[in-house]
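Asks: Read in order, the letters of the sequence shown are residues 212 to 593 in the numbering used here.
Virtual Cβ for every residue (Gly too), placed ideally from N, Cα, C.
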Amino acid sequence: PARTHRKAALEALPAAEQVIGEQVLQGGLPAVRQAVQKQNEQAKAQGGREVAADPLLAIAERLLPDLRAAEWLDRAEAAVADLDELDLRDLRSVVVAAESGAKGEEARALAEQLQTGLAARVEKEQAAWIQELTETLADGRTVRALRLSSRPPKAGAPLPPELAAKLAEAASAGLTADTHDDRWATVLDALSYSPVHLTVAPESTPEKPSEALVATVTKLASRVPKVAEAFGIEAPAQPARRRSRGGKGKKPAPKAAAPAPTPPTAAEAPTGAPPAPEAEATEPTPATEPTSSTEPTPATEAAPTTETPATDAAVPETTPEPQPDAATEEVAEAQEATPQEAAPQEAAPDEATTEAPAAASTPTDAPGDAEGGPEAAEEPPA
């Protein structure tokens, strides 16, 4: 195609960017990278200064859409000029490239014209293909007909039923016990890519087939299963279906099963952990028993010992980490059994550590506990 639009797009660029634009048209961003790398290698060998690649690549990326659009316009105009004779593969490539290269009203009009022309060409080529296939079968050229049937102009278009039946019959007639091994190999190779490869069975087979013929049938067994069956060869299962669909279907199952067991284990872990602190929970129980039996006495004992000994004795007991677990268990047990008993148990150590303020915070029990000694001494004389 002519370079009219590409030349105009390059001339519209600054002089410093025209060289980069040429590289973009030649091979896109990879071509720019290679050009920069080659230039840097030459500069390094000559002791010159190397060029940074990132700024040049940024310019190339900016120029790419407009240059691609100009290139597509050149190709589209050339395709329209040769619409009736252009190869269908080249015409399809231009139509597909229109999705990203057609910009502007002029380009969209060309794209529509190319799509219409492609559809007309496909129908025309399809009719000519069927006609040629029919004539080839009539001339007895079976191998040519088989190879021609595997290349339809319209992708995915099935053969007419009558033509497919004639083609399968001709292929079967060419596979007999009297056929030479080379002819067997040629027909089977052409048949393996034909639309009728699954329906063709040989009319007869050699009584003692050669090793080369058996090897050929074994190689193509998955493509020509009825021919392989006639030779007593089992056609292998097609691995493509098992890999693509079966393999993908099996992976999600273990993924779904993996998270299922994890939540119960995580939930059981905290429930299984408390039994260990339960043994420690038995240690604070004796402290609760004396408090419940004689409430004033532990307070009077705690009052003199709060200065240093009580704190020293309480520190080793409170420092270990399991004690907060025991306290939480006592609170939980107190909420279920006696919620009122848990409060004094936790308040007792607070009163012991805060000599007088704790006594002031509890108007009923604390005054009696903190001043229990003097009041008890004054009550007997009364």
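Once you ignore the five residues that flank I231 on each side, which residues in its own chain have a CB closer than 8 Å to its CB?
Replies: Closer than 8 Å at Cβ, skipping near neighbours: V243, L267, I270, A271, L274.
Asks: Using 8 Å as the threshold, is the segment 399-419 in touch with the segment 352-360, meaning 3 or more CB pairs across them?
Replies: A contact exists between the segment 399-419 and the segment 352-360.
Asks: My understanding is that V305 touches L325, with C-beta atoms under 8 Å, so please give their C-beta distance in whole angstroms.
Replies: Indeed, because the Cβ distance is near 6 Å, the residues count as touching under 8 Å.
Asks: Can the beta-carbon of Q337 be found closer than 8 Å to that of P364?
Replies: Yes, Cβ-Cβ distance for Q337 and P364 is below 8 Å.
Asks: Can you tell which of A376, L302, D393 has its C-alpha closest to the C-alpha of L409?
Replies: Nearest C-alpha to L409: A376.
Asks: Any chance the segment 312-331 sits against the segment 253-263, with 3 or more Cβ pairs inside 8 Å?
Replies: Touching, no, given that fewer than three Cβ pairs across the two stretches are closer than 8 Å.
Asks: Determine the direct distance from the alpha carbon of A280 to that of A227, and round the result to whole angstroms.
Replies: Approximately 21 Å between the Cα atoms of the pair.
Asks: Roughly how many whole angstroms lie between the Cα atoms of A412 and A366?
Replies: Going by the C-alpha atoms only, they are around 26 Å apart.
Asks: How is L267 classed by DSSP in three states: helix, strand or coil?
Replies: Helix, per DSSP.
Asks: Which residue marks the beginning of the alpha helix (DSSP H) containing H216, and which one marks its end?
Replies: It spans 215-222 - the alpha helix (DSSP H) in which H216 sits, taken as one unbroken run.
Asks: Taking all protein chains shown into account, decide if H216 is buried (16 or more other Cβ within 10 angstroms of its Cβ) or exposed.
Replies: Answer is buried; the Cβ neighbour count reaches 16.
Asks: Beta carbon of A309, beta carbon of W283: below 8 Å?
Replies: Result yes, Cβ atoms of A309 and W283 sit closer than 8 Å.
Asks: Exposed or buried, which one is R286 when buried takes at least 16 other CB atoms within 10 Å?
Replies: Result: buried.
Asks: Do E414 and T397 have their C-beta atoms within less than 8 Å of each other?
Replies: For E414 and T397, no; Cβs fall outside 8 Å.
Asks: Using CA coordinates, which residue listed in L299, A322, T345 is at the minimum distance from E334?
Replies: Here the closest residue by C-alpha is L299.
Asks: Roughly how many angstroms lie between the CA atoms of Q237 and A426, to the nearest whole one?
Replies: Distance between the alpha carbons of Q237 and A426: 47 Å.
Asks: Find the nearest neighbour of A379 within the set V407, W340, R394, judged by alpha-carbon distance.
Replies: Taking only the C-alpha atoms, the option nearest A379 is V407.
Asks: What three-state label does DSSP hand S304 in the structure shown?
Replies: Helix.
Asks: CB-CB under 6 Å to A219, same chain, minus the five flanking residues each way: which ones, in chain order?
Replies: If we look at A219 and ignore the five residues flanking it on each side, it has no Cβ neighbours.
Asks: Are there 16 or more other CB atoms within 10 angstroms of the CB of A199, so buried, or fewer, so exposed?
Replies: There is no way to answer for residue 199, as the model of the chain reaches only from 212 to 593.
Asks: What are the boundary residues of the alpha helix (DSSP H) that includes A446?
Replies: Counting along the chain, A446 falls outside any alpha helix (DSSP H), and DSSP gives it neither H nor E.
Asks: Hey, A203 and L431 are a contact pair by Cβ (cut 8 Å); roughly how many whole angstroms apart?
Replies: The structure shown does not extend to residue 203, since the chain spans only 212 to 593, so no value can be given for it.
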